[in-house]
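To start, the structure under review is shown below, and the notes come after it.
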Amino acid sequence: MPVTALKTLQEFQDLLKQDKTIVINFYTIALEACRLFLPIFERLANTETRLTFYNVDVDRDEGRDIAWEVGIGIMPAFIIFKDGRKVDEYAGYNELNLMDMLAKHS
């Protein structure tokens with residue numbers, strides 16, 4: 021399943037009202053680690069069918085609003101929400117750590 025871009029705070033808030041498990045990647049193009057991890061996140065999204073994947077570009081004003089709402093300080097950051105509640109998070113650039121987090125929630 022492809023990664024969907026979350027572009028507005030309203031989209032994010034509406035998404036949290038749904039009864040499903042989602043993974044959000046918060047990134048900035050300014051950081052090489054974030055740029056390098058985008059295709060990895062896309063590949064993981066295509067192999068993991070029980071989770072829904074989203075990207076938030078914090079270089080955009082609305083993306084910064086979403087990151088602020090969630091409390092993102094370090095990027096890349098990956099947050100899992102289940103039924104509207106934050107249940108897990110990982111900040112950093114380690115594919116195995118992210119895969120372990122995804123496996124716990126899929």
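Residue numbers (the numbering used here): 21 to 126.
Note that CB positions come from ideal geometry on N, CA and C, so glycine has one too.
Leaving out five residues before and five after residue i in sequence, what residues of the same chain have Cβ atoms less than 6 Å from its Cβ?
i	result
D39	D103
F32	L26 and I86
Quick check: the Cα distance between residue i and residue j, rounded to an integer number of angstroms?
i	j	result
E47	I86	The question names Glu, but residue 47 in the sequence shown is Tyr. Answer to the nearest angstrom: the Cα atoms are 12 Å apart.
T72	T28	17 Å
D34	I44	14 Å
P96	Y113	7 Å
K106	A25	19 Å
E115	I60	8 Å
L58	F101	19 Å
E62	Q30	23 Å
How about residue i and residue j: do their beta carbons lie closer than 8 Å?
i	j	result
G14	V76	For the chain, the structure presents residues 21 to 126; residue 14 sits outside this window and is missing.
A65	V23	yes
Y74	I94	no
M21	T69	yes
D81	A50	no
Using a Cβ-Cβ cut-off of 8 Å (strictly less than) and excluding sequence neighbours within five positions of residue i, which residues of its own chain qualify?
i	result
A123	none
Any beta carbon of chain D sitting closer than 8 Å to that of residue i?
i	result
D77	As a matter of chain content, chain D is missing from the structure shown, which is built from one protein chain.
Tell me residue i's beta-bridge partners as DSSP assigns them.
i	result
E109	I99
V43	F73 and I100
T28	Paired residues: none, contrary to the question.
Going along the chain, which residues of its own chain have a beta-carbon closer than 7 Å to the beta-carbon of residue i, five neighbours each way excluded?
i	result
K37	G104
S126	E68, R70 and L71
R55	I49
Within the region 45-105, note down every full alpha helix (DSSP H) run reaching 4 residues or more, in order along the chain. Qualifying alpha helix (DSSP H) stretches, in chain order: 52-67 and 81-90.
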